[in-house]
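Taking it in order: structure first as structure tokens, then the write-up.
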Amino acid sequence: MTTFEMRFIALRCKDTIAPTGTIAQGVGAPQINSDGEEYEKKYGSNKTSMRLFSTVEENRRGKGPCFLKTSEISKKEEEELLKAYLNMAPAQTLKWIETNNLPSFRDVEIEGTEPYITGGHTGSGYWVDTNRAATIKGLYAAGDVAGGSPQKYVTGCFAEAEIAAFSALKYINDVKEEAVDSSEVENKLKEVKSFLKEESGIYGIEEIEEAMQKIMDEYAGGIYDGYSYNLKKLQIAKSKIDELLELSKALKAKDMHELMLIFEVIDRLFVCKVLIRHLEERKETRWRAFQENKDYPKKDDKNFLKFINSIYQDGQIKIIFRSLVKRDDIYEHHN
Numbered sequence: 031m032t033t034f035e036m037r038f039i040a041l042r043c044k045d046t047i048a049p050t051g052t053i054a055q056g057v058g059a060p061q062i063n064s065d066g067e068e069y070e071k072k073y074g075s076n077k078t079s080m081r082l083f084s085t086v087e088e089n090r091r092g093k094g095p096c097f098l099k100t101s102e103i104s105k106k107e108e109e110e111l112l113k114a115y116l117n118m119a120p121a122q123t124l125k126w127i128e129t130n131n132l133p134s135f136r137d138v139e140i141e142g143t144e145p146y147i148t149g150g151h152t153g154s155g156y157w158v159d160t161n162r163a164a165t166i167k168g169l170y171a172a173g174d175v176a177g178g179s180p181q182k183y184v185t186g187c188f189a190e191a192e193i194a195a196f197s198a199l200k201y202i203n204d205v206k207e208e209a210v211d212s213s214e215v216e217n218k219l220k221e222v223k224s225f226l227k228e229e230s231g232i233y234g235i236e237e238i239e240e241a242m243q244k245i246m247d248e249y250a251g252g253i254y255d256g257y258s259y260n261l262k263k264l265q266i267a268k269s270k271i272d273e274l275l276e277l278s279k280a281l282k283a284k285d286m287h288e289l290m291l292i293f294e295v296i297d298r299l300f301v302c303k304v305l306i307r308h309l310e311e312r313k314e315t316r317w318r319a320f321q322e323n324k325d326y327p328k329k330d331d332k333n334f335l336k337f338i339n340s341i342y343q344d345g346q347i348k349i350i351f352r353s354l355v356k357r358d359d360i361y362e363h364h365n
């Protein structure tokens with residue numbers, strides 16, 4: 031895996047979690063604090079992470095809540111916003127209408143979401159080469175699961191999908207059929223059956239899930255602490271996530287749907303483990319709010335202008351540092 035430490039935290043309309051870019055770019059609405067001051071420029075660049083970081087800081091300094099200033103837009107601009115959100119995030123348009131607080135009448139309050147691990151917006155995902163081949167033979171990745179190429183969004187994901195598809199087809203043409211190891215099948219079947227016993231487990235799937243969310247929020251840079259973390263908190267998070275993984279072995283499912291949920295929550299616990307290790311290893315702050323290391327608050331190009339990769343071996347997450355390779359203005363990935 032690669033670049034899990036570059037999380038995505040969206041700046042959204044409060045309560046509806048609707049995107050803010052349509053308002054900011056569509057009608058040029060600036061970000062303002064509770065005093066009506068435009069604050070974004072005080073924090074430097076207008077990058078996605080800085081739009082969020084500046085809002086977090088204004089709230090921390092007692093200048094919140096923060097808003098997108100829409101109260102001066104025209105009726106025509108307001109109508110376009112209503113249409114745009116009805117198509118994209120209808121909850122926002124419905125909120126405006128139901129509360130009778132249309133954007134031209136009242137500024138739109140904004141806030142950050144919880145962190146996401148998604149490569150379409152950030153660099154997290156499978157380490158892939160230029161042809162989108164992962165390090166597992168025959169596995170190709172694109173879009174949200176392809177790491178190392180951040181902020182490609184939908185159109186970039188489409189382009190990656192085409193590259194991955196043609197690469198996979200080329201691989202399939204040359205692949206030779208191999209016998210399946212029956213012992214591996216039996217071991218997996220034994221694991222699946224262990225969750226399907228009729229007696230109830232001590233903890234339920236939702237309890238494990240809620241505990242996971244609370245741990246990551248409080249100790250691994252969640253909303254609870256303004257998206258910041260330090261090494262001590264990460265160590266606590268690591269220990270508690272390991273405890274949940276052990277408890278998850280005793281989960282029980284009464285049907286196939288619950289069995290799927292068990293494997294899903296176990297997968298997410300492993301994602302937490304990988305994320306924590308990546309956050310530990312990047313001893314700098316490269317992306318404000320997305321990766322806010324309070325032990326190392328400044329960027330360090332000398333030591334960290336590189337990829338942080340990881341591989342799961344013998345029950346441990348091994349970290350691999352990889353240099354950035356650039357040829358003819360194109361960054362190359364090699365497995």
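Heads up: the sequence shown runs through residues 31 to 365, numbered per my numbering. Positions of the beta carbon are idealized from the N, C-alpha and C atoms, including for glycine.
Got a sec? Which residues, its chain only, sit under 6 Å from residue i by beta carbon, not counting five neighbours each side?
i: lysine 263; result: Tyr249
i: alanine 121; result: Thr46
i: lysine 268; result: Ile306
i: threonine 148; result: Phe38, Asp174
i: lysine 324; result: Ser258, Asn260
i: phenylalanine 351; result: Lys336
So, at 8 Å on beta carbons, what are the nonlocal neighbours of residue i in its own chain, with the 5 sequence-adjacent residues on each side left out?
i: methionine 36; result: Thr152, Gly153, Ser154, Pro180, Arg316, Trp317, Phe320, Gln321
i: isoleucine 103; result: Val57, Ala59, Leu111, Pro133, Ser134
i: threonine 197; result: Note that residue 197 is serine in the sequence shown here, rather than threonine. Correct list, in chain order: Asn161, Arg162, Ala163, Tyr170.
i: phenylalanine 334; result: Arg312, Lys313, Glu314, Arg316
i: tyrosine 254; result: Asp247, Glu248
i: asparagine 76; result: Glu70
i: arginine 90; result: Gly256
i: serine 84; result: Gln61, Tyr69, Glu70, Lys72, Tyr73
Quick check on DSSP: helix, strand or coil for residue i?
i: glycine 345; result: coil
i: glutamine 243; result: helix
i: valine 138; result: strand
i: asparagine 117; result: helix
i: valine 158; result: coil
i: leucine 305; result: helix
i: glutamine 181; result: coil
i: arginine 90; result: helix
i: phenylalanine 293; result: helix
i: asparagine 339; result: strand
i: phenylalanine 300; result: helix
i: glutamate 362; result: strand
i: serine 79; result: helix
i: phenylalanine 320; result: coil
i: isoleucine 147; result: coil
i: phenylalanine 34; result: coil
i: tyrosine 73; result: helix
i: serine 101; result: coil
i: alanine 48; result: coil
i: lysine 125; result: helix
i: lysine 223; result: helix
Would you mind sorting residue i into buried or exposed? The rule is 16 or more other CB atoms within 10 Å of its CB.
i: valine 215; result: exposed
i: valine 355; result: exposed
i: phenylalanine 34; result: buried
i: aspartate 297; result: exposed
i: methionine 242; result: buried
i: methionine 290; result: exposed
i: isoleucine 53; result: buried
i: glutamate 310; result: buried
i: histidine 381; result: Here the chain comprises residues numbered 31 to 365, so residue 381 is not present and cannot be evaluated.
i: glycine 66; result: exposed
i: valine 222; result: exposed
i: glutamate 190; result: buried
i: phenylalanine 337; result: buried
i: leucine 79; result: Here residue 79 is serine; the residue named in the question, leucine, does not match the sequence. That one is buried.
From the options, pick the residue whose C-alpha is nearest to that of residue i; which is it?
i: valine 86; options: Lys106, Glu107, Asn63; result: Asn63
i: lysine 328; options: Ala119, Glu314, Gln265; result: Glu314
i: isoleucine 238; options: Ser224, Val295, Lys220, Lys223; result: Val295
i: valine 184; options: Leu299, Gly150, Val301; result: Gly150
i: aspartate 272; options: Leu82, Ile253, Met246, Ile39; result: Met246
i: serine 278; options: Leu41, Tyr254, Asp358, Phe293; result: Phe293
i: tyrosine 252; options: Pro145, Asn203, Phe300; result: With the sequence shown as reference, residue 252 is identified as glycine, and tyrosine is not the correct amino acid for it. Glycine 252 has its Cα closest to that of Pro145, out of Pro145, Asn203, Phe300.
i: glutamine 343; options: Gly51, Val158, Phe300, Lys227; result: Phe300
i: glycine 178; options: Phe351, Thr32, Asp331, Ile349; result: Thr32
i: alanine 283; options: Tyr201, Ser224, Glu276, Lys244; result: Ser224
Can you name, in chain order, every residue of its own chain whose Cβ lies under 7 Å from the Cβ of residue i, other than the five neighbours on each side?
i: glutamate 108; result: Leu132, Pro133, Ser134
i: alanine 194; result: Arg162, Tyr170, Ala171, Ala172
i: tyrosine 326; result: Lys313, Glu314, Thr315
i: isoleucine 347; result: Lys303, Val304, Arg307, Ser340
i: glutamate 88; result: Asn63, Tyr69, Gly94, Cys96
i: leucine 41; result: Thr50, Arg81, Leu82, Thr85, Ile140, Gly142
Using a beta-carbon distance below 7 Å, is residue i in contact with chain C?
i: asparagine 323; result: This model lacks chain C altogether; it includes just one protein chain.
field: Those runs of the beta strand (DSSP E) which lie wholly inside the segment 248-282 and span at least 3 residues
entry: Counting whole runs of 3 or more residues, the segment 248-282 contains no beta strand (DSSP E) stretch at all.
task: At 4 residues or longer, and completely inside the segment 180-220: list those alpha helix (DSSP H) runs for me, N to C.
output: The qualifying runs are 183-204.
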